[in-house]
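Residue numbers (the numbering used here): 135 to 324.
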Ligand SMILES: [Fe+2]
Ligand SMILES: [Fe+2]
C-alpha cells in the first residue's frame, strides 16, 4: 500500500520545528503571513469540497437527491476540485518546495515524501475523474446502472479524500512552522 495510506503523520525527526510552533499557536502568530494564511485557506477549501463530494454520494444512495439535480450539482464541483488540485500541486512542486528545501535542508526528506504524495494523488485524481464521469453518464440512465456507478465512484472518492486529508495535514505540519520560524528572523519564504 502507498505510504500515504500507511503513515499517521510525518516521521518524528522532521517535527523539530513543529515542536517549537505547534498547531494551536498558528492562528495567533504574527509571523504567519497573509500568503501563508491564504495557502491554509486553499487547503481548507480542498478539505470541504472533497468531503462534500464524497458525502453527497451517500445522500444519493439514500435517495435524498434527484439524480438529475444531483448531476448538475456534482459535475462542476468535481471538475473544479480536480483542476484546482492539479494547479495547486504544480505550484508547490515547481516553486515552493525548492525554496523551502534550500531554506531548511534538514526537511528535504519531508518534501520528497510530499512530492511522492502529489504523484500518487495525481493517479487517484485520474481514477476519480474516470469514475466520476462514468457516474455522471449513468445518472442519466438511473436504476441499477446508476447505483453501481455510484458505488464505484463513492469508493474512489473516499479513497482520494482519505489520502488528501493525510497529505494536507502533513504538508501543513512541515511548512507552516518553517514559515513562522523564518519570518521571526526576517526571512519571508511565502
Ligand atoms: Fe501538496
Ligand atoms: Fe498543498
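Where is the CB? At the ideal position from N, CA and C, for every residue including glycine.
Using the rule of at least 16 other Cβ atoms within 10 Å of the residue's Cβ for burial, across every protein chain shown, is residue i buried or exposed?
i           : result
residue 300 : buried
residue 278 : exposed
residue 255 : buried
residue 295 : buried
residue 188 : buried
residue 226 : buried
residue 276 : exposed
residue 324 : buried
residue 172 : exposed
residue 178 : exposed
residue 262 : buried
residue 231 : buried
residue 204 : buried
residue 182 : exposed
Is the beta carbon of residue i sitting closer than 8 angstroms to the one on residue j?
i           : j           : result
residue 298 : residue 180 : yes
residue 264 : residue 167 : no
residue 313 : residue 170 : yes
residue 320 : residue 287 : no
residue 311 : residue 193 : no
residue 137 : residue 208 : no
residue 241 : residue 152 : no
residue 258 : residue 223 : no
residue 215 : residue 184 : yes
residue 191 : residue 291 : yes
residue 144 : residue 308 : yes
- Message: Whether or not the region 247-255 and the region 304-324 are in contact is what I'm after, with contact meaning three or more pairs of Cβ atoms, one per stretch, closer than 8 angstroms; do they touch?
- Response: yes
- Message: Three Cβ pairs or more, each shorter than 8 angstroms: is that satisfied between the region 275-295 and the region 227-243?
- Response: no
- Message: In chain order, what are the residue ranges of uninterrupted alpha helix (DSSP H) at least 4 long that sit wholly in the region 197-274?
- Response: 201-225, 231-237
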